[in-house]
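K.L.:
Residue numbers are given in numbering that gives the first Met the number 0: position 76 of the sequence shown equals residue 75, and the series is strictly consecutive.
By construction, the Cβ of each residue, glycine as well, lies at the ideal position given by its N, Cα and C atoms.
Right, I'll just put the structure down here and ask away after.
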Amino acid sequence: MGDLWIGAWIACAVIGVFVWGLIFYSMFKFRRKEGNEVPRQVRYHVPLEVLYTAVPFLIIIVLFFYTVKAQNRVLAQVDQPDHTVNVVGQKWSWTFNYMEEGNSEIGQTVHEVGTIEKIPDLYLPVNKSVRFNIYSADVIHSFWVPAFYFKMDAIPGKPNSFDLTPTKTGTFDGKCAELCGTYHAAMLFNVHVVSEEEYNEYVKGLAKKGQVGELHGPVGASALPTAPAKEEKK
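Right, dumping it as structure tokens:
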């Protein structure tokens with residue numbers, strides 16, 4: 000994602016300098032001369048029209064090729080991820096389900112639930128592949144960690160997933176990138192990339208607090224009433 004972003008800016012800069020050069024060249028070369036002479040007017044210059052029609056298409060094709068190439072790499076998934084986290088977006092925070100039944104150190108699913116008053120923490124082990132399964136309990140949210148250069152929507156009734164291998168320890172900000180309602184700005188979370196030992200200890204600590212089992216969030220906007228509400232006549 001970083002290479003695509005930087006490459007696109009370089010391409011834009013090159014094209015911009017070229018266009019600005021043509022503009023200033025034309026301003027100087029074909030400026031009005033003494034005697035109020037008007038430059039020769041050109042109409043229906045077919046080679047020129049073909050050129051400035053073909054060049055934008057060429058630019059789009061090149062950018063499209065590298066975008067698809069980067070997208071395929073970003074969305075590629077491993078056969079057996081080291082860890083799986085089921086993420087639920089709900090009004091107005093996040094639920095993180097650590098699916099660790101197959102982890103001999105933990106052996107069960109453990110969850111962490113955030114609220115408006117309490118920003119949840121997401122712990123990830125460094126240099127280990129993690130499968131994120133993204134759900135929504137109500138409206139469309141978007142799981143976004145800016146430092147990862149990636150985000151994915153949480154859509155009611157349509158689970159999404161992606162794989163990630165964090166390679167740098169530290170604490171990073173996460174947030175919802177989709178305007179989802181009144182308290183959208185409160186949908187924050189902290190991402191802690193730590194060693195696998197610290198990760199296991201943290202998840203076991205959640206289990207000791209009784210936060211065991213997978214939570215799917217409350218039924219919300221995805222469940223529509225079967226009949227219109229009845230209003231009293233006034």
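#1: At what residues does the alpha helix (DSSP H) containing Asn-71 begin and finish?
#2: So Cys-11 is in the alpha helix (DSSP H); what residue range does that whole segment cover?
#3: Between the C-alpha atoms of Glu-200 and Gly-6, what's the straight-line distance to the nearest angstrom?
#4: Should Met-186 and Gly-88 be called a contact, given that it needs their Cβ atoms to be closer than 9 Å?
#5: Would you tell me roughly how many angstroms separate the C-alpha atoms of Ile-115 and Ser-92, rounded to the nearest one?
#6: Using CA atoms only, rank isn't needed, just tell me which of Val-112, Lys-90, Arg-72, Val-129 is closest to Ser-141.
#7: Just the Cα atoms here: how many angstroms apart are Thr-83 and Ser-25?
#8: Would you give the residue range spanned by the beta strand (DSSP E) that Asn-126 belongs to?
#9: Distance check for Gly-204 and Ser-160, CA to CA, integer angstroms please.
#10: With distances taken Cα to Cα, identify the nearest neighbour of Tyr-122 among Tyr-97, Glu-104, Pro-145, Lys-174.
#11: With H, G and I counted as helix, E and B as strand and the rest as coil, what does DSSP make of Asn-234?
#12: Can at least three beta-carbon pairs, one atom from the stretch 160-179 and one from the stretch 53-69, be found at a separation below 8 Å?
#13: What does the alpha-carbon distance come out to for the pair Gly-169 and Ile-154?
P.N.:
Quick look at the numbers:
#1: 45-74
#2: 1-28
#3: 41 Å
#4: yes
#5: 6 Å
#6: Lys-90
#7: 59 Å
#8: Taken as a continuous stretch (DSSP letters only), Asn-126 belongs to no beta strand (DSSP E), as it is neither H nor E.
#9: 26 Å
#10: Tyr-97
#11: Because the chain spans 0 through 233 in this model, residue 234 falls outside it and cannot be assessed.
#12: no
#13: 29 Å
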